[in-house]
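Student:
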Amino acid sequence: MTMKHRHVSSELKILRSLHTRMKFHSKEEHYFMSLEKGYKGEQQFDKWLNLHTKDMIVLNDLLLEHNNTIFQIDSLVITSNTLYLFEIKNYEGDFYMKGDRWYSLSNTEIKNPLFQLQRTESLFRRLLEELHISSPIEAYVVFISPEFQLYQTPLNLPIIFSTQLKRFFNQLQRNSSPLKEINEKLAKQILTLHLPESPYTRLPKYDFPSLKKGIYCPTCQSFYTAFSNKKTIQCNHCSNSENSHAALKRTIEEFILLFPKKKITTNIIYEWSNKMISKKTIRKILSINYEHKGHSSSSHYVKPK
Ligand SMILES: [Zn+2]
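Each residue of the sequence shown is one higher than the one before, starting from 30 at the first, in my numbering.
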């Protein structure tokens, strides 16, 4: 049973939007791509776990704090007798180990993911000790892609390759018994410690004037060029069509995510959507979905809580 599902983080949502509306430098591009890839890998792991989660509680994407240090757990699996902590990596290609160091076959050194795992495990262990919880913890790095190969791997490392997942979880299931109330209580207790949003984000600098305006297709990220009629908006690039009110609502939500401090007004949304939808329609959509505040020149909308 999955008690906490994974969602796209605000950081990734903002980056997706910015990537469509501005040009990224190579470092920004690389960071964005690595977040997308990591998220895809985590989704693959979730999919896999969903088919094998008998007698387990799964908590995904936990953001916790111990001693003013914030750390993240990709997936925590609670069984009747053990807490399993998984760090998921969606690496592809050939790598090798030399002592504690990891390299690609072209000899570029990469960060050893086992160090990150050790750090997370240690912080989590200390956090639980503080709460007087003494469940055994096991921590593993999961390499989810079958396209990943690590050479010269010692046998005793806490690593699970994609080809070993099945055997690993079969064994895990054999070692555990049906869940009890106490396991569920523990899961709920850990959930109360979860922080809502990471304070650490790496966003490129952006502002309203410099971003590309318009409404873009959610399927292929091309900007819409025209309405086919008043109710539907069609993408010239992939021929996906969308209800124009839904497209506008989505674009308003995007504006709010990118500019949480800016006032939502008919005029700014008109400009944001590149004047593709009449002010009358924008006003209508705003008044249906948001709370109206102020009068005449100070008139604006806020997101209902
Ligand atoms: Zn499209």
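Glycine included, each C-beta is placed from N, C-alpha and C at the ideal position.
Return yes when the C-beta of T248 is under 7 Å from any heavy atom of ligand 1, and no when it is not.
Tutor: yes
Student: Could you tell me the distance, in whole angstroms, from the CA atom of K292 to the CA atom of Y330?
Tutor: 7 Å
Student: Can you tell me whether T137 is helix, strand or coil according to DSSP?
Tutor: coil
Student: Grab me the residues of S39's own chain with a C-beta within less than 8 Å of its C-beta, minus the 5 sequence neighbours each way, in chain order.
Tutor: E226, T230, L286
Student: Using a Cβ distance threshold of 8 Å, determine whether the region 90-98 contacts the region 147-155, with at least three qualifying pairs required.
Tutor: yes
Student: Which same chain residues, not among the five before or five after L224, have their C-beta less than 8 Å away from its C-beta?
Tutor: These residues qualify, in order along the chain: L92, L93, E94, I99.
Student: Look up I117 in the DSSP assignment and say whether it is helix, strand or coil.
Tutor: Shown here, I117 sits in a strand according to DSSP, grouped into three states.
Student: Residue ranges of each beta strand (DSSP E) run of no fewer than 3 residues wholly in the region 136-174, ordered along the chain?
Tutor: Whole beta strand (DSSP E) segments, 3+ residues: 166-172.
Student: I need the boundaries of the beta strand (DSSP E) containing F53, first residue and last residue.
Tutor: Premise fails: F53 is in no beta strand (DSSP E) and is neither H nor E.
Student: Relative to the alpha-carbon of S302, which residue among K290, A255, K242 has its alpha-carbon at the smallest distance?
Tutor: Ranking K290, A255, K242 by Cα distance to S302 puts K242 first.
Student: Y60 by DSSP, collapsed to three states: which one?
Tutor: helix
Student: Starting from the N-terminal side, write out each stretch of the beta strand (DSSP E) that is 3 residues or longer and does not extend beyond the region 178-210.
Tutor: 188-190
Student: Taking Cβ to Cβ, would you say L80 is nearer than 8 Å to A168?
Tutor: no
Student: What does DSSP give as the partner residue(s) for R130 in the beta ladder?
Tutor: K127
Student: Give the straight-line distance between the Cα atoms of W131 and L105, rounded to the nearest whole angstrom.
Tutor: 25 Å
Student: Use the C-beta contact count for F122: other C-beta atoms within 10 angstroms, 16 or more gives buried, fewer gives exposed.
Tutor: It is worth fixing the name first, because residue 122 is Gly in this sequence and not Phe. Its Cβ having fewer than 16 others within 10 Å, G122 is exposed.
Student: Less than 8 Å between the CB atoms is what I'm expecting for K118 and V170, so what's the real figure, rounded?
Tutor: 6 Å
Student: Does any heavy atom of ligand 1 sit closer than 7 Å to the C-beta of S46?
Tutor: no
Student: Is the region 271-280 touching the region 244-252 in the sense that three or more CB pairs, one from each, lie closer than 8 Å?
Tutor: yes
Student: With hydrogens ignored, establish whether the beta-carbon of H36 is closer than 7 Å to any heavy atom of ligand 1.
Tutor: no
Student: How would you label Y120, buried or exposed, when you count the other beta carbons within 10 angstroms and need 16 or more for buried?
Tutor: Around the C-beta of Y120, 16 or more other C-beta atoms lie within 10 Å, and the residue is accordingly described as buried.
Student: For S288, which option in Y235, S316, I317 has the closest C-alpha, if you only look at C-alpha atoms?
Tutor: In the sequence on display, residue 288 carries Phe and not Ser. For the residues Y235, S316, I317, the minimum Cα distance to F288 belongs to Y235.
Student: So, at 8 Å on beta carbons, what are the nonlocal neighbours of H54 in its own chain, with the 5 sequence-adjacent residues on each side left out?
Tutor: P233
Student: Identify the residues that DSSP records as bridge partners of L112: which are they?
Tutor: I107, I166
Student: Would you kindly work out how many angstroms separate the C-alpha atoms of T31 and S270, rounded to a whole number?
Tutor: Between T31 and S270, the alpha-carbon positions lie close to 34 Å from each other.
Student: For E283, is the classification buried or exposed, using 16 other Cβ atoms within 10 angstroms of its Cβ as the cut-off for buried?
Tutor: buried
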